[in-house]
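Structure record follows, encoded as structure tokens.
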Amino acid sequence: MAKTIQEINEKIRRGKAVVCTAEEIIGVVKEKGLKQAAAQVDVVTTGTFGPMCSSGAYFNMGHSKPRIKMGGGRVTLNDIPAYAGFAAVDLFIGATAIAEDDPRNKVFPGKFIYGGGHVIEDLVAGKDVRLTANAYGTDCYPRRALDTWIRLTDMNEAVLFNMRNAYQNYNVAVNRGDRVIYTYMGVLQPRMRNANYCTAGQFSPLLNDPLYRTVGVGTRIFLGGGVGFVVSQGTQHNPGVRRTERGVPKVPAGTLSLTGDLKQMSPRWLRGASFTGYGVTLTVGVGLPIPILDEEILHFASVSDDDLVAPVVDYSEAYPNCQPEILAEVTVAQLRSGEITVDGKKVITAGHSSYARAREIALTLKQWIEAGTFLLTDPVAHIPAPESGYAFKPLKERPWEPPQEISDN
Amino acid sequence: MPKKKVVLNFPPHLIDQPIISHLIRDHGLEVNILKARITPNEWGRMVVELRGNGGNLEDGLNHLAQTGVVVEPLAREIRWLEERCVQCTACTAPCPTHALGVERSDMTITFDRELCIACELCLNACPYGAIEMSFD
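Going down the list, the sequences are from chains A and B.
Start counting the first sequence at 1; every next residue gets the next number (my numbering).
Start counting the second sequence at 1001; every next residue gets the next number (my numbering).
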């Protein structure tokens, strides 16, 4: 029995839609069977809350009197450089940007206390942020310098724009070397004394719609505590990887590019994060609703942590050198238990994606839908599917060489 | 049984004395060494948890002071700031005593101050500034 988005939205408007989180649906399908559950349940809500470095925000600051052309000049927000290569007062700040005078890793491991991700968190929290700009001055934009406090409500547009979020599956990081290493997967103790993972598992948006049957361009989502939209596939989208018989990727695969009005968002769901020895980033809350249009979509959305596998990768050697070696495949259920076995050795696990917060996002989105305030969308276009041939390729270096000197003789 | 976490600072001339043995044998104290750094010709430092009956604890500490060991309360304390925590669980891997742990049913962080030895390994692991070292 197939349903349409329009039929589901009609039920949402009347307050009659049946909504389950990606965790609740597992038990419902077990109890009622796929057929009956698909007839009864209209929407499955997912969630994830983890560090996502390819995130950022753009702003229109409004024009000062006299006008200043920040475009082509130098701009900072709380000392963090913003990109100003646009029209006069449009800026973009990236999650991993850090201050010019940040000590970085000069005293190893660096602390990376404050950066672009923290600026975004502070703005969303309603805090004042210091904006400085230096410009070259033109006839129509004569001003050369600006140093002012500004907050989110002062700005015209303030938009979260993330080129890659919600990675479908992720590596489990270990360190087979003999010194502590500091990575974007956290602090890894030598000789595989710990394994860090980063997945929301059975709550994860794209693990519940593994073939991208319902998600696509224009899908309305939970983003940073507000309402956002899917722009398209994210950068490094790589759908053609090895998959389980359920169609779930065994290694990192699909990604999404997301956007939404920053002014609606909340610092609970956009958090600056500092990774010792690595850098700063933004931890983002994302929730994707999955309309249960047919039994196959429900089958995918009822995946559990026992069915999901993630690759264990050595971050002391294989990862930095871009080698494909995978040490083991483990299930998310094993990762969540606190211990996995790699090469016969027991290794304790810890996460970087918050399972508790993923559940909270899925429950929040469920409440929005039940309250009739959040309607589902048909995608305007689909994102590249597994058999599309769309793939993520490494950089092919063609080293620059100085031009041959021409002899004067 | 009363217990107390203290820092013992050993002057260089006491390094060759079996001071902890005396505490155990003569004062009937249970000594749990949480952290120790003893090297010849330098001040040694040891973080211990002492447990003892009745006045034994007091007597033991007085004995230490008389022999020349400088006894300080464990002033450093790890604080877990629940309101800043996002429950990612990254801090639990390096924790040697399981003071920081995970309640597996809902994957939330638990912090047992009694088990914490203020080793500071969790500080580098938390990306959110949700763990702090406080000095009393």
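Beta carbons: idealized from backbone N, C-alpha and C, even for Gly.
Since the structure is predicted, the reported quantities are computational estimates derived from the model, not experimental observations.
| query | result |
| --- | --- |
| Assigned secondary structure, residue 294 of chain A (DSSP; H/G/I helix, E/B strand, else coil) | coil |
| Proximity of residue 174 of chain A and residue 342 of chain A at Cβ, strictly below 8 Å | yes |
| Contact set between residue 1089 of chain B and chain A, taken where Cβ atoms lie within less than 7 Å | 350 and 351 |
| Ranges of the alpha helix (DSSP H) found wholly within the stretch 182-252 of chain A, counting only runs of at least 4 | 205-208 |
| Residue 1111 of chain B - DSSP class collapsed to helix/strand/coil | strand |
| CA-to-CA distance, residue 36 of chain A to residue 19 of chain A, given in whole angstroms | 14 Å |
| Of the listed residues A/121, A/63, A/323 and A/198, nearest to residue 471 of chain A (C-alpha basis) | Absent from the structure is residue 471 of chain A, since the part of chain A shown begins at 1 and ends at 409. |
| Limits of the unbroken beta strand (DSSP E) element including residue 58 of chain A | 56-60 |
| C-alpha distance - residue 1134 of chain B paired with residue 1113 of chain B, whole-angstrom precision | 13 Å |
| Cβ-based burial, residue 1026 of chain B [other Cβ within 10 Å; buried from 16] | exposed |
| Range of the contiguous alpha helix (DSSP H) that encloses residue 1122 of chain B | 1121-1125 |
| Whole-angstrom distance between residue 280 of chain A and residue 114 of chain A, CA atom to CA atom | 7 Å |
| Residue 147 of chain A - containing beta strand (DSSP E), residue span | 145-150 |
| Member of A/50, A/89 and A/326 whose CA lies at the smallest distance from the CA of residue 58 of chain A | A/89 |
| Beta-carbon proximity of residue 376 of chain A to residue 239 of chain A, cut-off 8 Å | no |
| Contact list for the stretch 266-292 of chain A against chain B, Cβ threshold 7 Å | 271, 273, 274, 275, 276 and 283 |
| Three-state class that DSSP yields for residue 368 of chain A in the structure shown | helix |
| Three-state secondary structure assigned by DSSP to residue 310 of chain A | strand |
| Min CB distance residue 1056 of chain B to chain A below 8 Å | no |
| Residue 1033 of chain B to residue 1020 of chain B span [Cα, whole Å] | 10 Å |
| Residues bridged to residue 1103 of chain B [DSSP beta-bridge criterion] | B/1108 |
| Identified DSSP bridge partners for residue 414 of chain A | The question about residue 414 of chain A has no answer, for chain A in this structure spans 1 to 409. |
| Residues, ordered as in the chain, of the stretch 1096-1128 of chain B that lie near chain A by beta-carbon distance below 8 Å | 1102, 1104, 1106, 1107, 1108, 1124, 1125, 1127 and 1128 |
| Minimum length 4: unbroken alpha helix (DSSP H) runs contained in the stretch 79-156 of chain A | 116-124 |
| Residue 244 of chain A versus A/38, A/277 and A/210, residue with shortest Cα-Cα distance | A/210 |
| Residue nearest to residue 265 of chain A in terms of C-alpha spacing, selected from A/247, A/286 and A/248 | A/286 |
| Contact test: residue 366 of chain A Cβ vs the ligand HEM heavy atom, cutoff 7 Å | As presented, the structure is devoid of all ligands, the ligand HEM included, so that no description of it is given. |
| Length of the line joining the Cα atoms of residue 125 of chain A and residue 151 of chain A | 9 Å |
| Residue 194 of chain A burial status per 10 Å Cβ neighbour count (16 or more: buried) | buried |
| Beta-carbon neighbours of residue 1092 of chain B, restricted to chain A and to distances below 7 Å | 350 |
| Min CB distance residue 356 of chain A to chain B below 8 Å | yes |
| Minimum Cβ-Cβ distance from residue 203 of chain A to chain B less than 8 Å | no |
| First and last residue of the uninterrupted alpha helix (DSSP H) at residue 30 of chain A | 24-40 |
| Three-state secondary structure assigned by DSSP to residue 1049 of chain B | strand |
| Cβ neighbours of residue 1060 of chain B in the same chain (closer than 7 Å, five flanking residues each side left out) | 1023, 1027, 1029, 1050 and 1052 |
| Extent of the continuous beta strand (DSSP E) to which residue 260 of chain A belongs | 256-261 |
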